[in-house]
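In numbering that gives the first Met the number 0, the protein residues as written are 0 to 445.
Idealized CB from N, CA, C, for every residue including glycine.
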Amino acid sequence: MTIRRVAVLALAATLLVSACTAAGAGGGPAPSAAVPAGLVPVPLTVPAGMGGAPLDEARQVLVPSGWTMAVFARVPSARLAAWAPGGTLLVSVPANGTVVRLVPNGQGQATESVLLKGLNQPHGLAFVGSTLYVAQSDRVDSYSYASGSATDPRPVVVGLPDARSPELGGKYAHALKSVAVGLDGSVYVSVGSTGNISAEDLKATPPRASILRVPPGGGSPTPFAVGVRNGTGLAIAPDGAVWTAVNNRDNIQYPFDRPYGDASGSSRGQVIPDYVRDHPVEPLAKLTQGRNLGWPYCNPDADTNPGVKGSSQNPSNAPFTLDVETNPDGHLLDCSTLPRVEQTLGGHSAPLGLSFVDGGLPGGYAHGALVGVHGSWNASPPRAPEVSFFPWANGNLGPQQTLVGGFQASDGSRWGRPVAAVIGPDHAVYITDDEAGAVYRLVAPH
0 MTIRRVAVLA LAATLLVSAC TAAGAGGGPA PSAAVPAGLV PVPLTVPAGM
50 GGAPLDEARQ VLVPSGWTMA VFARVPSARL AAWAPGGTLL VSVPANGTVV
100 RLVPNGQGQA TESVLLKGLN QPHGLAFVGS TLYVAQSDRV DSYSYASGSA
150 TDPRPVVVGL PDARSPELGG KYAHALKSVA VGLDGSVYVS VGSTGNISAE
200 DLKATPPRAS ILRVPPGGGS PTPFAVGVRN GTGLAIAPDG AVWTAVNNRD
250 NIQYPFDRPY GDASGSSRGQ VIPDYVRDHP VEPLAKLTQG RNLGWPYCNP
300 DADTNPGVKG SSQNPSNAPF TLDVETNPDG HLLDCSTLPR VEQTLGGHSA
350 PLGLSFVDGG LPGGYAHGAL VGVHGSWNAS PPRAPEVSFF PWANGNLGPQ
400 QTLVGGFQAS DGSRWGRPVA AVIGPDHAVY ITDDEAGAVY RLVAPH
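Below you can see the structure in the form of structure tokens.
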């Protein structure tokens with residue numbers, strides 16, 4: 000469960016699917032896990048011709064009451080998304096080097112075409128007027144976008160590290176880049192770490208595990224924020240602030256010099272699966288020039304009783320605890336000097352796409368942030384994929400709420416993993432899913 004999500008009932012069986020949804024063979028999918036408060040199960044509508052696996056079985060999602068969700072397009076390995084002028088959705092597909100163009104047909108579906116091809120793992124997308132920014136694994140370019148075409152590529156920043164960089168020897172765990180453009184024209188680029196705790200990244204040129212900034216009008220990139228292990232989520236808030244959602248480290252050692260739970264003697268330095276599952280939490284942080292998010296020397300810790308087995312967590316305003324593996328005596332970085340993290344997600348949630356909503360959705364969803372949560376790869380039980388919403392007020396974000404769930408069954412198996420969610424000009428939310436190879440259209444009641 001994600002922090003602050005309270006399970007209130009369990010589903011006994013899958014729902015009957017609507018007539019236009021493909022039915023599965025055999026016993027059907029496993030029941031969904033428990034339903035977060037405030038959500039209801041509804042069938043995922045799958046239009047004719049879009050029922051390939053895993054949507055060849057009846058699927059259901061958990062959404063606010065009165066909301067509906069349908070498949071908008073099938074895009075294998077769909078990742079990040081951005082709306083182009085004129086109401087066309089662009090989706091990056093780093094797996095095959097393309098950016099695809101999805102034109103709504105007025106019936107809740109899309110006509111697909113390839114906008115760009117032959118790119119090096121294109122990932123992040125951003126628009127400023129008719130200028131399209133595309134982040135590849137080793138560079139960012141801007142394009143002129145008009146009449147459904149992207150032309151005249153211009154380099155914004157080149158020479159970014161990726162697996163082909165000679166000094167990395169073909170190894171780069173977090174090569175995909177994200178991009179956002181500030182209100183003043185500054186271009187921000189996420190550069191992930193090469194590994195789990197590769198401290199040498201901080202001394203590289205340009206530094207890895209960072210958010211780089213290119214000044215308005217161009218120029219050399221400089222570090223804007225550091226200690227950002229993998230800030231895949233990168234977006235500009237309505238007030239112009241830069242925010243990032245971060246995939247934090249794995250297999251953390253217990254940092255306190257005392258027993259954990261019923262252990263005898265000190266547990267310090269041990270990798271304890273029960274502790275690892277919830278630590279460290281994943282930051283959702285507002286960035287300012289020079290901010291340090293701690294990696295790999297300090298880890299955000301949301302425990303209300305740090306180090307105590309079964310401690311509750313407060314996801315807001317999380318302080319840092321030293322990393323006993325990389326910073327055992329605190330001399331490499333004093334964790335107490337780091338600003339607390341504004342909001343956090345449960346450990347190993349894997350937040351990916353980040354976008355902001357500034358009107359267009361009803362009620363309490365009108366203003367806030369949308370985060371595609373990919374779900375854990377190594378937590379037991381697995382942390383579920385979802386689309387999260389963080390309410391916006393007074394220049395800050397409130398705690399995480401589940402907007403869309405149901406992608407993970409009670410046995411931990413999954414049929415989908417959201418990557419990004421962006422609001423469209425029709426006030427629907429469009430969600431990419433690289434596991435199911437789909438883009439969904441989530442519609443609120445009028």
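Spatial distance of D322 from G226 (CA atoms): The residue you call residue 322 lines up with position 323 of the sequence shown. The residue you call residue 226 lines up with position 227 of the sequence shown. In a straight line, the C-alpha of D322 is about 13 Å away from that of G226.
Cβ-Cβ separation, V190 to D159 (assumed contact under 8 Å), whole Å: As a working mapping, residue 159 is identified with position 160 in the sequence shown. As a working mapping, residue 190 is identified with position 191 in the sequence shown. The sequence as given places Leu at residue 159; Asp does not occur at that position. L159 to V190, Cβ: 6 Å. Contact.
Selection from G329, A437, A208 that minimises the alpha carbon distance to M49: For the purposes of this step, residue 49 is taken as the residue at position 50 of the sequence shown. Of G329, A437, A208, the residue nearest in Cα terms is A437.
Under 8 Å between C-beta atoms of L369 and S354: Taking the first residue of the sequence shown as 1, we reach residue 369 at position 370. Taking the first residue of the sequence shown as 1, we reach residue 354 at position 355. Yes. Within cutoff.
Option nearest V372 by Cα separation, candidates E281, V99, P237: Within the sequence shown, the letter at position 373 stands for residue 372. If we check each option's Cα against that of V372, E281 comes out closest.
C-alpha distance - W294 paired with I196, whole-angstrom precision: Locating residue 294 in the sequence shown gives position 295, counting from the first residue. Locating residue 196 in the sequence shown gives position 197, counting from the first residue. Their Cα atoms are separated by approximately 8 Å.
Buried/exposed call for T221, threshold 16 Cβ in 10 Å: Residue 221 sits at position 222 when you count from the first residue of the sequence shown. With fewer than 16 Cβ atoms within 10 Å of its Cβ, T221 is classed as exposed.
Supposed contact pair R78 and V92 - C-beta distance, whole angstroms, cut 8 Å: Counted from its first residue, the sequence shown places residue 92 at position 93. Counted from its first residue, the sequence shown places residue 78 at position 79. Indeed, because the Cβ distance is near 7 Å, the residues count as touching under 8 Å.
S112 versus A301: straight-line alpha-carbon distance, rounded: Position 113 of the sequence shown, counted from the first residue, corresponds to residue 112. Position 302 of the sequence shown, counted from the first residue, corresponds to residue 301. In a straight line, the C-alpha of S112 is about 44 Å away from that of A301.
Contact under 8 Å by Cβ, E341 with A284: In the sequence shown, the residue the question calls residue 341 occupies position 342. In the sequence shown, the residue the question calls residue 284 occupies position 285. Cβ atoms of E341 and A284: closer than 8 Å.
Residue range of the unbroken beta strand (DSSP E) whose run includes D433: The residue you call residue 433 lines up with position 434 of the sequence shown. Careful: D433 lies outside any beta strand (DSSP E) and carries neither H nor E.
Cβ shell of F406 (< 6 Å), same chain only, five flanking positions each side left out: On the sequence shown, residue 406 is found 407 positions in, with the first residue counted as 1. Answer for F406: P384, R413, G415, listed in chain order.
Start-to-end residues for the beta strand (DSSP E) that takes in P154: As a first step, residue 154 is located in the sequence shown; it is residue number 155 there, counting from the start. Per DSSP, P154 belongs to the beta strand (DSSP E) from 148-157.
Short Cβ contact (8 Å threshold) for P237 with D357: Counting from 1 along the sequence shown, the entry for residue 237 is found at position 238. Counting from 1 along the sequence shown, the entry for residue 357 is found at position 358. Result yes, Cβ atoms of P237 and D357 sit closer than 8 Å.
Continuous beta strand (DSSP E) stretch holding R100: start and end: One-based indexing of the sequence shown puts residue 100 at position 101. Here the beta strand (DSSP E) through R100 covers 97-103.
C-alpha gap between V156 and N119, whole angstroms: In the sequence shown, the residue the question calls residue 156 occupies position 157. In the sequence shown, the residue the question calls residue 119 occupies position 120. So the two alpha carbons sit approximately 14 Å from each other.
Same chain, Cβ closer than 6 Å to A420, neighbours up to 5 away in sequence not counted: Here the question's residue 420 lines up with position 421 in the sequence shown. Counting only Cβ-Cβ distances below 6 Å, and skipping sequence neighbours, we find L369, G371, V386, V428, I430.
Buried versus exposed, by CB contacts within 10 Å (16 or more), V275: Stepping through the sequence shown from its first residue, residue 275 is reached at position 276. V275 is buried by the Cβ-count criterion.
Residue from L88, A240, G117, L115 with nearest C-alpha to N104: Residue 104 sits at position 105 when you count from the first residue of the sequence shown. Nearest option by C-alpha distance: L88.
Residue range of the beta strand (DSSP E) that includes R212: Taking the first residue of the sequence shown as position 1, residue 212 is located at position 213. Start and end: 209-213.
Sub-8 Å separation of P444 and G85 beta-carbons: Along the sequence shown, one-based indexing puts residue 444 at 445. Along the sequence shown, one-based indexing puts residue 85 at 86. Result no, Cβ atoms of P444 and G85 do not sit closer than 8 Å.
Cβ neighbour criterion (16 or more within 10 Å) applied to S209: Your numbering for residue 209 matches position 210 in the sequence shown. S209 should be labelled buried.
Residues near P152 in its chain [Cβ-Cβ closer than 6 Å; skip 5 each side]: As a working note, residue 152 is residue 153 in the sequence shown. The answer, listed in chain order, is D140, Y142.
Nearest to A174 (by Cα), restricted to the options G194, Y187, G181: Along the sequence shown, one-based indexing puts residue 174 at 175. Looking at the Cα atoms, G194 is the closest of the given residues.
Which listed residue (V74, N95, H122, G37) has its alpha carbon closest to that of E434: Sequence index remark: in the sequence shown, residue 434 carries index 435 (1-based). Ranking V74, N95, H122, G37 by Cα distance to E434 puts V74 first.
Rounded straight-line distance, which links the Cα of F389 to that of P272: Walking along the sequence shown from the start, residue 272 turns up at place 273. Walking along the sequence shown from the start, residue 389 turns up at place 390. For P272 and F389, the distance between alpha carbons rounds to 29 Å.
Inter-residue spacing [alpha-carbon to alpha-carbon] between P299 and Q135: Mapped onto the sequence shown, residue 299 falls at position 300. Mapped onto the sequence shown, residue 135 falls at position 136. Spanning the two alpha carbons is a distance of roughly 29 Å.
Beta-ladder partner(s) of M49, from DSSP: Residue mapping note: residue 49 aligns to position 50 of the sequence shown, counting from 1. DSSP output for M49 lists no bridge partner at all.
Spatial distance of A81 from S315 (CA atoms): If you number the sequence shown from 1, residue 81 lands on position 82. If you number the sequence shown from 1, residue 315 lands on position 316. Using only the alpha carbons, I get a separation of about 28 Å.
Bridge partners - R138, DSSP secondary structure assignment: Residue numbering aside, residue 138 sits at position 139 when the sequence shown is read from its first letter. For R138, which the question treats as bridged, DSSP gives the partners V157.
Straight-line Cα distance separating G232 from G218: Working through the sequence shown from its first residue, we reach residue 218 at position 219. Working through the sequence shown from its first residue, we reach residue 232 at position 233. Using only the alpha carbons, I get a separation of about 24 Å.
Exposed unless 16 or more other CB atoms sit within 10 angstroms - verdict on T401: As a first step, residue 401 must be located in the sequence shown, where it is residue number 402. That one is buried.
Boundaries of the alpha helix (DSSP H) in which Y274 is found, first to last residue: Counted from its first residue, the sequence shown places residue 274 at position 275. From DSSP, the alpha helix (DSSP H) with Y274 extends over 272-277.
Closest residue to L131 among G169, T150, D137, R138 (Cα-Cα distance): Counting from one through the sequence shown, the residue named residue 131 turns up at place 132. Among G169, T150, D137, R138, the Cα nearest to that of L131 is on T150.
Beta-bridge partners of Q59, as assigned by DSSP: Within the sequence shown, numbered from 1, the residue matching residue 59 stands at position 60. Answer is P42.
6 Å Cβ shell around Y296 - same chain, five flanking residues per side excluded: Here residue 296 corresponds to residue number 297 of the sequence shown, with the count starting at 1. Excluding sequence neighbours, Y296 sits near D322, T325, N326, L331, L332.
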